[in-house]
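Undergrad: If you read the sequence shown in our numbering, its first letter stands for residue 235, the second for the next number, and so on.
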Amino acid sequence: MTEMNFFAVDLGATSGRTILGSMVGGKLQQRELTRFPNPIIETGGHFFWDIYALYNEIIRGLKVVGDEGVDIASIGIDTWGVDFVMIGKDGGVLRNPYCYRDPHTNGAMEEYFKLVPKEKVYEKTGIQFMQFNSLFQLATLRKNHDSALEVADKILFMPDALMYMLTGEAVCEYTILSTSQFLNPRTKKIDPELIGAIGLEERQFGRYVNPGEQVGRLSADVQKMTGVGAVPVVAVAGHDTGSAVAAVPAENERFAYLSCGTWSLLGIETKDAIISEQSYAYNFTNEGGIEGTTRFLKNICGMWLLERCRKEWTDAPANVNQINTDSMEAEAFRSFIFPDAPDFANPSSMVEAIQNYCQRTGQPVPQDYKAMARCIFESLAMRYRQVLEALKDMAPFPIEKLHVIGGGSLNGYLMQMAANSIGMPVVTGPVEGTAIGNIMMQAKSAGVVKDMFEMRRLIADSIETKTYLPQDREAWDEAYKKYLEITNN
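1. Taking the C-alpha atoms as reference points, what is the distance between residue 235 and residue 258?
2. Report the rounded CA-to-CA distance for residue 238 versus residue 449, giving the unit in angstroms.
3. Would you give the residue range spanned by the beta strand (DSSP E) that residue 441 belongs to?
4. Could you check where the beta strand (DSSP E) with residue 329 kicks off and where it finishes?
5. Should residue 526 go down as buried or exposed, given a rule of 16 or more other Cβ atoms within 10 Å for buried?
6. In the structure shown, what three-state DSSP assignment does residue 235 receive?
7. Please look up how many angstroms separate the CB atoms of residue 777 and residue 638, rounded, as I've assumed it's under 8 Å.
8. What is the DSSP secondary structure of residue 518, counted as helix, strand or coil?
9. So, residue 671 versus residue 640, is the Cβ gap smaller than 8 Å?
10. Tell whether a beta-carbon distance below 8 Å holds between residue 295 and residue 267.
11. According to DSSP, residue 406 sits in a beta bridge with which residue or residues?
12. Please tell me whether residue 408 and residue 367 are closer than 8 Å, where the distance is taken between their beta carbons.
13. Could you compute how far the alpha carbon of residue 554 sits from the alpha carbon of residue 648?
14. Helix, strand or coil for residue 216 per DSSP?
15. Using the C-alpha atoms, what's the distance from residue 589 back to residue 726?
16. Please tell me whether residue 317 and residue 331 are closer than 8 Å, where the distance is taken between their beta carbons.
17. Tell me whether residue 379 sits in a helix, a strand or coil according to DSSP, three-state version.
18. Assign residue 349 to one of two classes, buried (16 or more other C-beta atoms within 10 Å of its C-beta) or exposed (fewer than that).
19. Return yes when the Cβ of residue 618 is within less than 8 Å of the Cβ of residue 655, no when it is not.
20. When burial is assigned at 16 or more other CB atoms within 10 Å of the CB, is residue 381 buried or exposed?
21. Does the structure place the segment 453 to 469 close enough to the segment 427 to 439 that three or more beta carbon pairs sit under 8 Å?
22. My output table needs one value for residue 562: the three-state DSSP class, helix, strand or coil.
23. Given this structure, state the Cα-to-Cα distance separating residue 446 from residue 703, to the nearest angstrom.
24. Quick one: grab the DSSP three-state call for residue 256.
25. Helix, strand or coil for residue 456? Go by DSSP, reduced to three states.
26. Can you tell me where the beta strand (DSSP E) with residue 435 in it begins and where it stops?
27. Can you pull the DSSP bridge partners for residue 423?
28. Once DSSP output is grouped into helix, strand and coil, what is the label at residue 474?
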C-alpha cells in the first residue's frame with residue numbers, strides 16, 4: 235500500500251489539535267502537529283467561542299505541513315455538537331458563536347413547547363432534551379430578536395463553518411446536524427415544521443453531505459497562506475462523538491460504547507433510530523453515525539466535573555494522574571452526586587456545587603481533593619450502570635462488553651470502577667478515538683478502506699487495548715442501591 239497522509243482537525247470544548255495521520259504498511263500512524271486551548275469567552279453577560287482563533291489554529295497546523303513538504307490527501311474537521319455560526323449575505327461571519335453553556339437558553343425548552351408539543355418534537359427527532367440543543371438556542375435568539383439571526387443567510391454548525399472558511403462551500407454534514415434536535419432521522423433531513431415554528435427555512439443550512447463526501451478544495455487564499463496546494467476538504471463525521479464511535483475496534487454489534495472526555499456519551503450503534511415511549515421516558519437520543527447508522531445514546535456530564543474542580547483546588551497536585559491515584563486513599567462509597575443534576579451544568583464554583591449537593595442530600599461533605607475526586611469517579615461509574623441498564627431494556631441485541639474511547643480511558647481507576655459497577659468487561663482504547671475516526675473516514679473517502687468493518691479491523695491492528703474485568707460485585711451492588719436512593723433515581 236502506498237503511503238497516504240491525512241490532516242485531521244479535532245476540536246473539543248476545552249482544547250483542540252491538528253494531527254497528521256499516515257497509512258503505512260496497512261497500519262495507521264499518527265503525529266500531533268499542534269495543540270491549543272479553546273477557551274470559552276465571557277463578555278456582556280454571555281459565553282462565546284472564538285471562531286477566528288480556531289480557524290487561525292487550523293491554518294497554523296497546515297503551515298507546519300507545508301513547511302515540512304508533506305503531501306496530504308485531504309483535510310477533515312470534527313468538533314463538539316449543537317453550536318453554530320451565522321453567515322451574512324455577503325459571505326462574512328456575522329459574529330462569534332454562542333457557547334452551548336450560555337445561560338440564555340434557561341427555560342427555552344418550555345417556551346418552544348408552546349409552539350410544538352414536547353412529545354411531537356421527540357417523535358420527529360428522537361433526540362434527548364437538553365436546553366442547549368440547537369433548536370432551543372435558535373428559538374432563544376429569535377425570541378430575543380438577535381440581530382445576527384435576523385439577517386443570517388446561512389446557519390452553519392461548527393465543523394461546517396470551519397470548512398466554509400477554508401473552501402467557501404456551505405454544507406450541512408449529517409452527524410453534526412443530528413445533534414440539533416431538528417433532524418428527522420427517518421427522512422435524514424431537517425424537519426420543516428420544527429424550524430418553521432421559529433421562522434427558519436431548510437435552505438439556510440447549506441447542502442447536505444454525508445461522512446466521506448468531498449466538500450471542496452482549499453481556497454486560493456488558504457493555499458497561499460499555507461503552501462499546501464488545492465487539497466480536498468472531506469466531510470468526516472463532523473460531530474466528534476460520531477468520529478470517536480467510528481474508531482471503536484469492535485468485533486461485532488454486541489457492544490456499548492462510552493466516549494469518555496469532557497462529556498461521557500454512552501450508547502449503542504444501531505441500523506435504525508429507536509423512538510418509542512420507553513426511549514422518550516428515558517430521554518435517550520438518536521444521533522447520526524457513519525454509513526447511515528444511528529448512535530442511540532445518553533449524554534452524561536463527564537470529566538467536566540473534575541476539570542472544573544482542578545481549577546479551584548489549591549491543595550491538589552498539578553498532575554491529573556497523581557490526583558487519580560491519590561483519590562484511592564479516600565473512603566469508598568462515602569458520598570455520591572448525580573452527575574447530570576442542573577447543579578453541575580456551569581456553576582461559578584464546582585467545588586461548592588458538589589459540597590452543597592452532598593449537604594442537601596444528607597451525606598458526608600467531601601472537604602479535600604482526594605475525597606471529592608473519589609466522589610466524582612464513583613458517581614460517574616454508578617451513572618454508567620444506570621444508563622447501561624436502560625440501554626439493555628431497549629437494545630435490539632444483547633450487550634456483552636463496554637468499549638471506552640477518549641482521554642478518560644487513561645484513568646485506570648475509573649475504568650476499573652466502571653467494570654465493577656456495570657458487571658461486564660470494559661475494553662479501553664483507542665485514547666485518541668476521535669482523531670482516528672476522523673482520519674479513517676478520510677482514508678475511506680480516498681479508497682484505502684471500503685467500509686466501517688474494514689476500518690475497525692485496521693484500527694484494531696494498529697492500536698493496543700486494555701481489558702478491565704468486574705471485581706467486588708457484592709460491594710458495588712450495595713453501593714449502587716445507596717446511589718439510587720441518594721439521587722432519587
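C-beta atoms are modelled at their ideal positions from N, C-alpha and C, and glycine is treated no differently. Just so you know, these numbers come straight off a predicted model, no measurement behind them.
TA: Checking against the coordinates, here is how it stands:
1. At residue 235 the pLDDT is 48, less than 50, meaning the model places this residue with poor confidence and gives no usable figure here.
2. Residue 238 and residue 449 have their C-alpha atoms roughly 19 Å apart.
3. Run containing residue 441: 441 to 443, per the beta strand (DSSP E) assignment.
4. Taken as a continuous stretch (DSSP letters only), residue 329 belongs to no beta strand (DSSP E), as it is neither H nor E.
5. With fewer than 16 other Cβ atoms within 10 Å, it is exposed.
6. Because the pLDDT of residue 235 is 48, which lies under 50, any placement of that residue in the model is unreliable, and the question is left without a value.
7. Nothing can be reported for residue 777: it is not among the residues displayed for the chain, which extend from 235 to 723.
8. Three-state DSSP puts residue 518 in coil, outside helix and strand.
9. Result no, Cβ atoms of residue 671 and residue 640 do not sit closer than 8 Å.
10. Taking 8 Å as the cut-off, the beta carbon of residue 295 is found closer than this to the beta carbon of residue 267.
11. Paired residue(s): 442.
12. In this structure, residue 408 lies away from residue 367, with their beta-carbon atoms at least 8 Å apart.
13. One Cα belongs to residue 554, the other to residue 648, and the distance between them is close to 13 Å.
14. For the chain, the structure presents residues 235 to 723; residue 216 sits outside this window and is missing.
15. Because the chain here runs from 235 to 723, residue 726 falls outside it and cannot be looked at.
16. Taking the C-beta atoms as reference points, residue 331 is found nearer than 8 Å to residue 317.
17. Here DSSP, grouped into helix, strand and coil, assigns residue 379 to coil.
18. Residue 349 comes out exposed.
19. Yes.
20. Burial call: exposed.
21. No: fewer than three Cβ pairs fall under 8 Å.
22. For residue 562, the secondary structure class from DSSP, reduced to helix, strand or coil, is coil.
23. Residue 446 and residue 703 have their C-alpha atoms spaced approximately 36 Å apart.
24. Strand at residue 256.
25. Helix.
26. Premise fails: residue 435 is in no beta strand (DSSP E) and is neither H nor E.
27. DSSP, once it has assigned bridges, lists 418 as partnering residue 423.
28. Three-state result, residue 474: helix.
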